[in-house]
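**Q** Quick note on the numbering used here: the sequence shown kicks off at 1 and runs consecutively. All C-beta atoms in this analysis are idealised placements derived from N, C-alpha and C, irrespective of residue type, glycine included.
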Amino acid sequence: MARMPVDPSSKEQLSGFEKQRSELLQAALVAETTAMAFATRRNDVRQVVDRSAAVLECMGGQIAVMVPAHVRASILRVISDAAKYIKGSATQMMMYSDDEADDALRETQVSVKDANASLDKNVSDVVEISPAFADLYSRREKYTTLTTTCLENLYWMK
Numbered sequence: 001m002a003r004m005p006v007d008p009s010s011k012e013q014l015s016g017f018e019k020q021r022s023e024l025l026q027a028a029l030v031a032e033t034t035a036m037a038f039a040t041r042r043n044d045v046r047q048v049v050d051r052s053a054a055v056l057e058c059m060g061g062q063i064a065v066m067v068p069a070h071v072r073a074s075i076l077r078v079i080s081d082a083a084k085y086i087k088g089s090a091t092q093m094m095m096y097s098d099d100e101a102d103d104a105l106r107e108t109q110v111s112v113k114d115a116n117a118s119l120d121k122n123v124s125d126v127v128e129i130s131p132a133f134a135d136l137y138s139r140r141e142k143y144t145t146l147t148t149t150c151l152e153n154l155y156w157m158k
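(1) Looking only at its own chain, which residues have a Cβ that is under 7 Å from the Cβ of C150, when we skip the five neighbours before and after it?
(2) Ends of the alpha helix (DSSP H) at S15?
(3) So what's E152 in DSSP terms, helix, strand or just coil?
(4) Go through the stretch 73-143 residue by residue and report every complete run of the beta strand (DSSP E) that reaches 3 residues or more, in order.
(5) Using the rule of at least 16 other Cβ atoms within 10 Å of the residue's Cβ for burial, across every protein chain shown, is A83 buried or exposed?
(6) Please identify the residue among V55, C58 and N153 whose C-alpha is closest to the C-alpha of A117.
(7) Can you confirm whether the stretch 55-64 touches the stretch 27-42 when touching is taken to mean that 3 or more C-beta pairs between the two stretches lie within less than 8 Å?
(8) What do you get for I79, buried or exposed, if any count of 16 or more other CB atoms within 10 angstroms of its CB means buried?
(9) Assign M36 to buried or exposed, taking buried as 16 or more other Cβ atoms, counted over all protein chains shown, within 10 Å of its Cβ.
(10) Assign G88 to one of two classes, buried (16 or more other C-beta atoms within 10 Å of its C-beta) or exposed (fewer than that).
The structure is reproduced here in structure tokens:
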């Protein structure tokens, strides 16, 4: 949230701006989600993919307005990169045979499992030798996902 100016008139104007911006972000998210549902209903894979990327960008906008300015650019860059990956998914496997596509999928799934196992092992090792880290780890906050199984070990220390 922006620093509020001292001037009462400016405070009121900024507050109105932030309220309208919030309404815009919410309306855009609902519109893109609805467009994605409509594309799903029509079995239009390319539009589902495009609208998925758009939903992510809307979420990025919502997140960006909640964080301090010094981290905003990094968040928006991550969101932009992720949206590009999503948009590319419609054509990602077009040149592959079925076997090559299956292999590519399995390779990415193994990579995630390996990364989760590596993080888990590293944390276990550090917890054994560092009481301070063990204390931080015991108070960690886990990110509980709804759909992905890739982020088993995503959490942050409090």
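**A** Considering the structure as presented:
(1) In the sequence shown, the residue the question calls residue 150 occupies position 150. Hits under 7 Å: V112.
(2) If you number the sequence shown from 1, residue 15 lands on position 15. Run containing S15: P8 to R41, per the alpha helix (DSSP H) assignment.
(3) As a working note, residue 152 is residue 152 in the sequence shown. For E152, the three-state secondary structure derived from DSSP is coil.
(4) Correct list: empty.
(5) Counted from its first residue, the sequence shown places residue 83 at position 83. Classification for A83: buried.
(6) Along the sequence shown, read from residue 1 onward, the residue named residue 117 stands at position 117. Closest by alpha carbon: N153.
(7) The stretch 27-42 makes contact with the stretch 55-64, as at least three CB pairs between them are under 8 Å.
(8) Taking the sequence shown and counting its residues from 1, one reaches residue 79 at position 79. I79 comes out buried.
(9) Walking along the sequence shown from the start, residue 36 turns up at place 36. M36 counts as buried, since at least 16 other C-beta atoms from the protein chains shown sit within 10 angstroms of its C-beta.
(10) The residue you call residue 88 lines up with position 88 of the sequence shown. Result: exposed.
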